[in-house]
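For the sequence shown, the working numbering begins at 10 and goes up steadily by one.
Every residue gets a Cβ at the ideal spot worked out from N, C-alpha and C, and that includes glycine.
None of the values given here were measured: they were computed from a predicted structure.
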Amino acid sequence: MDGGAHCLARVKANHPGPFDRVRRLPRRDIVLDHYDRTRAHHRLESRRLKTAAFAHLDHPDAAQALHVVRWRKDFTSGKPTIERAYPITGLPPGAATGTQLAAWIRDHWKIEDLLHHVRDRTFREDDSTIHIGRLPRIMASLRNLAIGVHRQDGHTNIAAALRRTACDHYRPLACLGLTG
10 MDGGAHCLAR VKANHPGPFD RVRRLPRRDI VLDHYDRTRA HHRLESRRLK
60 TAAFAHLDHP DAAQALHVVR WRKDFTSGKP TIERAYPITG LPPGAATGTQ
110 LAAWIRDHWK IEDLLHHVRD RTFREDDSTI HIGRLPRIMA SLRNLAIGVH
160 RQDGHTNIAA ALRRTACDHY RPLACLGLTG
């Protein structure tokens, strides 16, 4: 990429060609690059990362394909879940360790949890019937603004903050310093 930056992007099933090519790599033949295990938030979680040099993806900046497996066990319900993700990166093999790549992927998930998950779940963005012109992007920007204002005001639960704001619509304005 321009300026020496490299991408790290998740390949999803809604792009079947690239997704299938990355998903069908011979994972058993690829050495494990990173493994970690944490116990927090009433669950046990383990993460495995494998990387492979990969030039057969229809993406101009893809140099490596990654395979991430997250296994979680919720202590409350006892229910285990397994999630697989297939990121790609423009970093050439050896430019970053498995530990570094895993940290960058986890940092991306923090953004996903703090912003996109809230937009998807709390604002139900995927159910929006607004599809004309620039309106979807404008609405997404307004949702981001609302999330940012509530986070700036110290809220971690945006749904609860929205309910509170519904009772006191001057609160976000006060947070932004727009009222006396």
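8 Å Cβ cutoff met for residue i and residue j
i, j, result
"Ile156", "Met148", "no"
"Pro101", "Val20", "no"
"Leu53", "Val77", "no"
"Ala61", "Leu17", "no"
"Arg160", "Arg128", "no"
"Leu124", "Val158", "no"
"Val31", "Ala94", "no"
C-alpha distance - residue i paired with residue j, whole-angstrom precision
i, j, result
"Pro69", "Thr98", "10 Å"
"His117", "Thr108", "14 Å"
"Ile91", "Ala111", "17 Å"
"Ala183", "Asp177", "10 Å"
"Arg56", "Trp113", "13 Å"
"Asp135", "Ala175", "22 Å"
"His126", "Phe132", "9 Å"
"Ala72", "Phe28", "15 Å"
"Thr47", "Leu154", "33 Å"
"Arg81", "Arg115", "15 Å"
"Leu41", "Phe63", "16 Å"
"Asn166", "Asp83", "21 Å"
"Ser137", "Ser150", "14 Å"
"His24", "Thr188", "47 Å"
"Asp162", "Arg180", "9 Å"
"Ala22", "Glu121", "18 Å"
"Pro145", "His50", "34 Å"
"Tyr44", "Ser86", "25 Å"
"Lys119", "Ile141", "30 Å"
"Arg143", "Arg37", "45 Å"
Counterpart residues of residue i in DSSP-defined beta bridges
i, result
"Tyr179", "Looking at the DSSP assignment, Tyr179 forms no beta bridge with any residue, so it has no partner."
"His43", "Leu58"
"Asp83", "Arg52"
"Leu94", "Residue identity differs from the one stated: residue 94 is Ala in this sequence, not Leu. Bridge partners of Ala94: Val77."
"Pro89", "Lys82"
Any chain D beta carbon closer than 8 Å to residue i
i, result
"Cys176", "No chain D is part of this structure, which consists of one protein chain only."
Residue i, DSSP secondary structure in three states
i, result
"Lys21", "coil"
"Met10", "Because Met10 sits at a pLDDT of 48, beneath the cut-off of 50, its placement in the model cannot be relied upon, and the following sentence gives the value as read from the coordinates. Looking at Met10 - three-state DSSP - the assignment turns out to be coil, as it is neither helix nor strand."
"Ala71", "coil"
"His140", "coil"
"His76", "strand"
"Pro27", "helix"
"Pro101", "coil"
"Pro145", "helix"
"Arg33", "coil"
"Arg133", "coil"
"His15", "coil"
"Leu8", "Because the chain spans 10 through 189 in this model, residue 8 falls outside it and cannot be assessed."
"Gly163", "coil"
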